[in-house]
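A short write-up of the structure that comes next.
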Amino acid sequence: ITFDLNSTLTIGGKGKDGVDGKDGQLGVAGKDGADGVTIYGNGTIGINGRDGVDGKPGANASVTVIEGTPGINGKDGETLTRVVYTDANGTTHEIATLDDGLKFKGDKGEVIAKKLGETLEIIGRTDVNANVTDKNLRV
Numbered sequence: 001i002t003f004d005l006n007s008t009l010t011i012g013g014k015g016k017d018g019v020d021g022k023d024g025q026l027g028v029a030g031k032d033g034a035d036g037v038t039i040y041g042n043g044t045i046g047i048n049g050r051d052g053v054d055g056k057p058g059a060n061a062s063v064t065v066i067e068g069t070p071g072i073n074g075k076d077g078e079t080l081t082r083v084v085y086t087d088a089n090g091t092t093h094e095i096a097t098l099d100d101g102l103k104f105k106g107d108k109g110e111v112i113a114k115k116l117g118e119t120l121e122i123i124g125r126t127d128v129n130a131n132v133t134d135k136n137l138r139v
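Residue numbers (the UniProt record's numbering): 1 to 139.
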């Protein structure tokens, strides 16, 4: 079946006389008739995974975007818009990017931020042949 549409298709819409309308919803059903992917008017995408092993339910999640947890690029307060998903248990997980990286802190207290894939070079000042104690670091 083929449908010709204008450049914009709206599902759901505004209410009348100060009453909220109804969120739209668009579902893509699998061959069993159950929705596999649903796009909701509240900005969420629902994904129903395949059936699990031995007839157990499959994995399901809701995906949306939020203002992420502060601390990107090693700087307090900096955030990114995050893709997040909520699992079947209702737990929300933020998806990390290469920009998240890791933060390191040494004896002097200075924080060094490295993105994933970048190298942190650690240089020790102890001679290679010197004996070390628990107060020294051999690198």
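Ideal Cβ placement from N, Cα and C applies to all residues, glycine included.
Could you pull the DSSP bridge partners for residue i from this structure?
i	result
D87	A61
I122	Beta-bridge pairing links I122 to no other residue.
I47	V37 and A61
K105	V111
D23	G12
Take residue i as the anchor and find which of the options has the nearest alpha-carbon.
i	options	result
K103	G55, T119, G90 and A34	T119
I45	G52, D54, D35 and V53	D35
H93	D107, I112, K31 and G68	G68
V28	I122, G12, I39 and T126	I39
A113	G106, G101 and G12	G101
Using beta-carbon positions only, say whether residue i and residue j come within less than 8 Å of one another.
i	j	result
N42	D23	yes
G55	G49	no
T91	A61	no
P70	T64	no
L98	G117	yes
V37	I66	no
According to DSSP, is residue i helix, strand or coil?
i	result
G55	helix
A29	strand
K16	coil
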